[in-house]
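Numbering (this note's numbering), first residue to last: 6 to 303. To start, the structure itself, in structure tokens.
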Ligand SMILES: Nc1ncnc2c1ncn2[C@@H]1O[C@H](COP(=O)(O)OP(=O)(O)O)[C@@H](O)[C@H]1O
Ligand SMILES: [Mg+2]
């Protein structure tokens, strides 16, 4: 199957077939990223489909998805490669005890110790060495520190890395790179310059309704319509954690499981905890929806 996108509408159709409903800006950026061979930096609040976009692009391009999940303190050893220290130790122990004459020739052992068999490939190296088409997802890149960001930048610009003991590894197939950020800190200008930028916000009610209907196909249209409107109005309150698409989908699923096909005050009150994760948000939402507070138990 052809993996290159032939145009923006082809991107649209193939993402949709992969279960992802794009809007115009998404499909345009994905198309351009492929044409220009540039990474996409997707920024936006949690739960709006950033990670899912990378997965869908991989599926749409029939490519392997290689994921580097970022976190505070992520370092080269976990992102690029590390030597299998335990296995090396075993090898050394074995070499020493080899025979009574004092073991194997050390040079030969050392060659072994820093060879392929003892190398643990991490996502970045894996993406560089991957033979076929791949999508490299560098997820939540805002969680790493500046130093690591610089390393990423270097790899993204050269598509090569030098392993002192093995030499330089140069990627033959450039992966399609998607970086995501929840915007918890500013990323460097240099990284932004290298990427095409895509801001994903909460979807319009129409698009969110389509997403609900595609992801929770048993949901009646009227229910989907009603719930996306309620979610929309909740997002306009100043909540500590506004409900995202994930929560909208969870809510739709919950209502279905409970057998509701319309949302009244009782239903909303009883299921609000699926949408909102802070008590203060629940209280705010209840008064906004003009729901009387739950009676105190005594
Ligand atoms: N455009 C979309 N089409 C279909 N499903 C979507 C879309 N955007 C988000 N979703 C759904 O929302 C969920 C959360 O998206 P995710 O990519 O995990 O959010 P983020 O990475 O932005 O925090 C996904 O599991 C997916 O089911
Ligand atoms: Mg994510």
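We treat Cβ as the ideally placed atom computed from N, Cα and C, and that holds for glycine.
*Is any heavy atom in ligand 1 found nearer than 7 Å to the beta carbon of residue 72?*
no
*Check whether the Cβ of residue 56 sits closer than 7 Å to any heavy atom of ligand 1, and report yes or no.*
yes
*In the DSSP assignment, find the beta strand (DSSP E) that holds residue 137 and state where it starts and stops.*
Premise fails: residue 137 is in no beta strand (DSSP E) and is neither H nor E.
*Whose C-alpha, out of 42, 14, 90, 267, is nearest the C-alpha of residue 115?*
90
*To which residues of the same chain is residue 227 closer than 8 Å at the C-beta, ignoring the five residues directly before and after it?*
266, 267
*asked:* One question on the structure: do residue 71 and residue 131 come within less than 8 Å of each other, judged by their Cβ atoms?
replied: yes
*Mind checking if residue 88 is an interface residue toward chain D, Cβ cutoff 8 Å exclusive?*
Absent from the structure: chain D. Only one protein chain is present.
*Provide the residue span of the alpha helix (DSSP H) that contains residue 21, from first to last.*
13-22
*Note down, one range per segment and in chain order, each alpha helix (DSSP H) of at least 4 residues found wholly within the region 184-222.*
194-199, 210-220
*If you follow the beta strand (DSSP E) that residue 126 is part of, which residue opens it and which one closes it?*
124-126
_According to DSSP, simplified to helix, strand and coil, what is residue 143?_
strand
*asked:* As a quick exercise: from 34, 169, 139, 11, pick the residue whose alpha carbon is nearest that of residue 68.
replied: 139
*Whole-angstrom distance between residue 100 and residue 254, CA atom to CA atom*: 58 Å
*Could you tell me if the beta carbon of residue 253 falls within a distance shorter than 7 Å of some heavy atom in ligand 2?*
no
*Around the C-beta of residue 214, are 16 or more other C-beta atoms found within 10 angstroms, so that it is buried, or is it exposed?*
buried
*8 Å contact criterion, which residue 281 and residue 273 should meet: CB distance rounded*: That belief does not hold up - the Cβ atoms of residue 281 and residue 273 are roughly 11 Å apart, past 8 Å.
*asked:* Here's the rule I'm using: 16 or more other beta-carbon atoms within 10 Å means buried, otherwise exposed. How should residue 161 be labelled?
replied: buried
*With a Cβ-Cβ cutoff of 8 Å, do residue 82 and residue 183 count as a contact?*
no
_Cα-Cα separation, residue 150 to residue 76_ = 9 Å
*Taking only the alpha-carbon atoms, compute the straight-line gap between residue 211 and residue 219 and give it to the nearest angstrom.*
12 Å
*Just the Cα atoms here: how many angstroms apart are residue 251 and residue 221?*
12 Å
*Hey, is residue 144 close to ligand 2, as in C-beta under 7 Å from one of its heavy atoms?*
yes
*Report the rounded CA-to-CA distance for residue 283 versus residue 244, giving the unit in angstroms.*
9 Å
_Local Cβ density within 10 Å of residue 155, reported as buried at 16 or more and exposed below that_ = exposed
*Please state if the CB of residue 263 and the CB of residue 47 are separated by a distance shorter than 8 Å.*
no
*With a threshold of 16 other CB atoms inside 10 Å of the CB of residue 248, please say whether the residue is buried or exposed.*
buried
*For residue 88: DSSP bridge partner residues*: 124
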